[in-house]
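Chemist:
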Amino acid sequence: QSVQLHNQMILSLSPDVLDTVIFYGEDIAELSQLASQMFPIGHVFYFKKTADEDQFEDLVKQVKERLGANDQILLKGSNSMNLAKLVENLM
Numbered sequence: 002q003s004v005q006l007h008n009q010m011i012l013s014l015s016p017d018v019l020d021t022v023i024f025y026g027e028d029i030a031e032l033s034q035l036a037s038q039m040f041p042i043g044h045v046f047y048f049k050k051t052a053d054e055d056q057f058e059d060l061v062k063q064v065k066e067r068l069g070a071n072d073q074i075l076l077k078g079s080n081s082m083n084l085a086k087l088v089e090n091l092m
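Residue numbers (our numbering): 2 to 92.
1) Using the DSSP secondary-structure output, state which residues sit across from F48 in a beta bridge.
2) Considering only the alpha carbon of each residue, which of V64, D72, L68 and D20 lies closest to M39?
3) To which residues of the same chain is T51 closer than 6 Å at the C-beta, ignoring the five residues directly before and after it?
4) How long is the line joining the alpha carbons of V64 and D72, rounded to whole angstroms?
5) By DSSP, does D59 sit in helix, in strand, or in coil?
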């Protein structure tokens with residue numbers, strides 16, 4: 002059911018409203034591929050978080066580069082993804 006809800010969420014996103022969609026984590030890789038079919042090239046990013054590789058620093062760098070002064074950001078994920086650390090890096 003979780004996968005179906007996430008798919009519905011991705012399908013509800015609009016490139017007319019959102020500029021960039023960034024994904025982080027192994028479980029979300031397929032959703033990033035789905036979003037890549039909906040958004041222009043260069044507007045969907047995926048960063049790995051596996052037992053062998055964690056691209057968290059790359060995620061932080063990408064968000065900092067793309068986020069402007071008046072932009073809004075929505076973070077969605079479980080506490081195990083440590084997105085609070087991303088927020089700390091943005092402050």
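All C-beta atoms, glycine included, are put in the ideal place defined by N, C-alpha and C.
All figures in this text were calculated on a predicted structure; none of them were measured in a lab.
Modeler: Quick answer:
1) Y25
2) D20
3) E27
4) 11 Å
5) helix
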